[in-house]
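Protein chains in written order, with the working numbering: chain A, 26 to 230; chain B, 2 to 289. All C-beta atoms, glycine included, are put in the ideal place defined by N, C-alpha and C. From a predicted model like this one, the values you see are computed outputs, not experimental measurements. Below is one structure, written out as structure tokens; comments come after it.
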């Protein structure tokens with residue numbers, strides 16, 4: 026849980042519980058930490074201003090993700106350029122980003138951190154449309170229908186794109202993550218890079 | 002594309018609980034006879050588990066949270082703070098009263114409504130949320146009985162089912178071992194479990210059999226599921242809420258961040274329902 030300097034205001038913001046998801050989505054789209062923060066902030070500012078138009082039965086979460094995506098693509102259009110692929114310093118992005126874990130065991134935390142960083146690196150290698158659909162479905166657990174609304178495409182496109190994105194990501198992961206993505210052997214769910222890192226770390230002790 | 006690739010899409014839909022009807026039945030029948038597709042299913046499930054373990058992908062930095070809180074502050078000061086539903090309703094009621102010319106009567110009525118509303122609203126909302134969880138538990142129970150929700154793991158081992166849920170649900174829970182009646186026979190038998198969606202989050206459905214009775218247990222995070230209302234039974238720090246819906250007995254309770262709904266057709270009073278399983282347990286006295 027986070028500590029906020031202005032807790033009373035923050036607690037009142039509708040949809041603030043989705044901030045990690047929105048920030049992740051912004052980072053997946055922009056591949057730039059500063060732009061992602063601005064994009065997430067702008068999303069909440071727009072949402073607060075548009076609350077009056079939100080229907081009571083509306084899905085706040087998918088509404089926020091739709092706002093974020095619309096802002097991003099409007100910004101891209103205003104720049105009159107094709108999407109700029111800004112090379113992302115993965116290590117720089119990971120610095121200062123808290124790792125949530127339910128386990129206080131230092132070893133479990135260490136493995137969890139390595140595992141998450143490896144997944145992030147491989148997701149970053151995916152094309153933009155694959156990155157966002159992996160984020161929306163696998164991390165935010167939005168339904169196919171909700172994703173179809175956000176992406177403004179038919180649900181069938183969501184299904185096929187997700188299948189291709191997973192296959193591509195599986196191929197990337199399998200090179201360093203042999204056991205985690207192979208069924209029936211999940212008990213040894215450490216990637217080879219993690220295992221070698223752990224070995225090196227332990228050897229230094 | 003080989004024959005198994007054609008099933009991969011349906012396997013993904015199945016894992017995401019998006020496969021229904023005949024397609025679901027066809028896939029399950031195919032999985033029974035196709036080891037390659039079962040391996041595909043396990044591979045995809047392992048990949049999904051990896052995503053589960055690495056959530057959230059990124060965590061919003063503290064300065065961003067502070068900036069958003071600060072940005073919301075001026076909006077509130079200017080009167081642009083988003084109104085929640087009750088606030089909208091109250092404002093609408095006040096404007097209507099002015100138009101009708103009954104200002105003072107309306108004002109008095111509104112004050113009463115506001116006071117009553119502020120007093121009762123949290124309770125009303127809480128009971129409405131509790132009713133939603135109960136309705137979901139009953140609907141899920143019916144669907145399971147009608148074979149519309151096939152189990153994703155079939156096991157009588159609480160440890161195996163507990164392990165299967167690890168990483169799949171946004172909470173940690175452990176199933177207790179089945180208690181035995183005098184004579185060594187188990188009071189009830191675990192049959193299996195599966196995932197279901199409750200308010201867009203994964204919840205656990207655990208099923209038991211007691212002689213001819215089917216018992217289902219819906220387990221969800223208490224962030225989304227509320228236990229309230231009905232006949233209340235207190236046991237230590239726990240409060241059990243006993244309800245009857247669609248001729249089914251539903252007992253709900255919350256503990257350690259998890260809310261449970263136990264559904265069965267076992268008839269009797271609230272105490273009797275609890276004693277069906279707890280009659281031979283050390284805590285039986287609290288239900289008498």
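**Q.** With 16 other Cβ atoms within 10 Å as the buried cut-off, status of residue 212 of chain B
**A.** Here residue 212 of chain B corresponds to residue number 211 of the second chain, with the count starting at 1. Exposed is the call here.
Q: Report the rounded CA-to-CA distance for residue 199 of chain A versus residue 149 of chain B, giving the unit in angstroms.
A: In the first chain, the residue the question calls residue 199 of chain A occupies position 174. In the second chain, the residue the question calls residue 149 of chain B occupies position 148. Their Cα atoms are separated by approximately 35 angstroms.
Q: Check whether the Cβ of residue 45 of chain A lies closer than 9 angstroms to any Cβ atom in chain B.
A: The residue you call residue 45 of chain A lines up with position 20 of the first chain. It does; some Cβ of chain B falls within 9 angstroms.
**Q.** Close Cβ partners of residue 64 of chain A (< 7 angstroms) along its chain, the five nearest in sequence each way excluded
**A.** The count along the first chain starts at 1 and reaches residue 64 of chain A at position 39. Hits under 7 angstroms: 51, 55, 93, 96 and 97.
(Q) Assuming residue 170 of chain B is part of the alpha helix (DSSP H), what are its boundary residues? (A) For the purposes of this step, residue 170 of chain B is identified with residue 169 of the second chain, where counting begins at 1. Premise fails: residue 170 of chain B is in no alpha helix (DSSP H) and is neither H nor E.
**Q.** Cβ neighbours of residue 61 of chain A in the same chain (closer than 7 angstroms, five flanking residues each side left out)
**A.** Reading the first chain from its first residue, position 36 is the one you call residue 61 of chain A. Here the set comprises 48, 51, 52 and 55.
**Q.** Partners in chain A for residue 151 of chain B, counting only beta-carbon separations shorter than 7 angstroms
**A.** Here residue 151 of chain B refers to the residue found at position 150 of the second chain. The premise fails here: residue 151 of chain B is roughly 19 angstroms from chain A at the closest Cβ pair, so nothing lies under 7 angstroms.
Q.
Buried or exposed for residue 81 of chain A, going by 16 or more other Cβ atoms inside 10 Å?
A. Numbered from 1 along the first chain, position 56 holds the residue referred to as residue 81 of chain A. So residue 81 of chain A ends up on the exposed side.
Q. Got a sec: is the Cβ-Cβ distance from residue 151 of chain A to anything in chain B below 9 angstroms?
A. Your numbering for residue 151 of chain A matches position 126 in the first chain. Output row for residue 151 of chain A: interface = no.
Q) If you run the structure through DSSP and keep just helix, strand and coil, what is residue 232 of chain B? A) Residue 232 of chain B sits at position 231 when you count from the first residue of the second chain. In the structure shown, residue 232 of chain B sits in a strand (DSSP, three-state: E or B).
Q: State the start and end residues of the unbroken beta strand (DSSP E) segment that holds residue 205 of chain B.
A: As a first step, residue 205 of chain B must be located in the second chain, where it is residue number 204. Unbroken beta strand (DSSP E) run through residue 205 of chain B: 202 to 211.
(Q) Whole angstroms are fine: how far does the CA of residue 24 of chain B sit from the CA of residue 102 of chain A? (A) Your numbering for residue 102 of chain A matches position 77 in the first chain. Your numbering for residue 24 of chain B matches position 23 in the second chain. Their Cα atoms are separated by approximately 42 angstroms.
Q. If we cut at 9 angstroms on Cβ distances, does residue 201 of chain B have a partner in chain A?
A. What you label residue 201 of chain B is simply residue 200 of the second chain in a count that begins at 1. Yes, contact with chain A.
Q.
Quick check on DSSP: helix, strand or coil for residue 158 of chain B?
A. The residue given as residue 158 of chain B occupies position 157 in the second chain. If DSSP states are grouped into helix, strand and coil, residue 158 of chain B belongs with coil.
Q.
Taking contact to mean 3 or more Cβ pairs, one atom from each stretch, closer than 8 angstroms, check whether the stretch 126 to 136 of chain B and the stretch 6 to 19 of chain B are in contact.
A. By the Cβ test, the stretch 126 to 136 of chain B is not in contact with the stretch 6 to 19 of chain B, since fewer than three Cβ pairs between them sit closer than 8 angstroms.
(Q) Determine, for residue 49 of chain B, whether the minimum Cβ-Cβ distance to residues of chain A falls below 9 angstroms. (A) Counting from one through the second chain, the residue named residue 49 of chain B turns up at place 48. Yes, contact with chain A.
Q | Within chain B, the residues that residue 176 of chain A reaches when beta carbons sit closer than 7 angstroms | A | Counting from 1 along the first chain, the entry for residue 176 of chain A is found at position 151. For residue 176 of chain A, no chain B residue has a C-beta closer than 7 angstroms to its own C-beta; the minimum C-beta separation is roughly 16 angstroms.
Q.
Closer than 8 angstroms between beta carbons: that is the criterion. Which residues of the stretch 9 to 30 of chain B meet it against chain A?
A. Contacts with chain A (Cβ-Cβ distance below 8 angstroms) from the stretch 9 to 30 of chain B involve 9, 10, 13, 14, 17 and 19, listed in chain order.
Q: Put residue 140 of chain B into one of helix, strand or coil per three-state DSSP.
A: For the purposes of this step, residue 140 of chain B is taken as residue 139 along the second chain, with counting starting at 1. Correct three-state label for residue 140 of chain B: helix.
Q | Boundaries (first-last residue) of the alpha helix (DSSP H) holding residue 227 of chain B | A | Counting from one through the second chain, the residue named residue 227 of chain B turns up at place 226. From DSSP, residue 227 of chain B is part of no alpha helix (DSSP H); its letter is neither H nor E.
Q: Indicate whether at least one CB of chain A lies closer than 9 angstroms to the CB of residue 133 of chain B.
A: Indexing the second chain from 1 puts residue 133 of chain B at position 132. No, because no Cβ of chain A sits closer than 9 angstroms to the Cβ of residue 133 of chain B.
Q. For the beta strand (DSSP E) that residue 242 of chain B lies in, which residues bound it at each end?
A. Here the question's residue 242 of chain B lines up with position 241 in the second chain. Note, residue 242 of chain B: beta strand (DSSP E), 239 to 246.
Q.
Is there a C-beta anywhere in chain B that falls below 9 angstroms from the one on residue 160 of chain A?
A. One-based indexing of the first chain puts residue 160 of chain A at position 135. By the rule that beta-carbons nearer than 9 angstroms mark a contact, residue 160 of chain A touches chain B.
**Q.** is_contact[residue 154 of chain A, chain B] using C-beta, thresh 9 angstroms
**A.** For this step, residue 154 of chain A is matched to residue 129 along the first chain. Output row for residue 154 of chain A: interface = no.
Q: Have a look at B:63, B:257, B:217 and B:115 and flag the residue whose alpha-carbon is nearest the alpha-carbon of residue 238 of chain B.
A: Indexing the second chain from 1 puts residue 238 of chain B at position 237. Of B:63, B:257, B:217 and B:115, the residue nearest in Cα terms is B:257.
Q. Hey, residue 19 of chain B and residue 164 of chain A are a contact pair by Cβ (cut 8 angstroms); roughly how many whole angstroms apart?
A. Here residue 19 of chain B corresponds to residue number 18 of the second chain, with the count starting at 1. Here residue 164 of chain A corresponds to residue number 139 of the first chain, with the count starting at 1. Contact between residue 19 of chain B and residue 164 of chain A is absent: CB atoms are separated by about 17 angstroms, not below the 8 angstroms threshold.
Q) Taking the alpha carbon of residue 60 of chain B as the point to measure from, which residue in A:79, A:87 and A:58 has its own alpha carbon closest? A) Translated into the one-based positions of the second chain, residue 60 of chain B becomes position 59. For the residues A:79, A:87 and A:58, the minimum Cα distance to residue 60 of chain B belongs to A:58.
**Q.** Amino acids of chain A, ordered along the chain, whose beta-carbon sits closer than 7 angstroms to that of residue 72 of chain B
**A.** Sequence index remark: in the second chain, residue 72 of chain B carries index 71 (1-based). Those are 66, 69 and 70, listed as they occur along chain A.
Q. Do we get a CB-CB distance below 9 angstroms when we pair residue 200 of chain A with the residues of chain B?
A. Along the first chain, read from residue 1 onward, the residue named residue 200 of chain A stands at position 175. Not one chain B Cβ lies under 9 angstroms of residue 200 of chain A.
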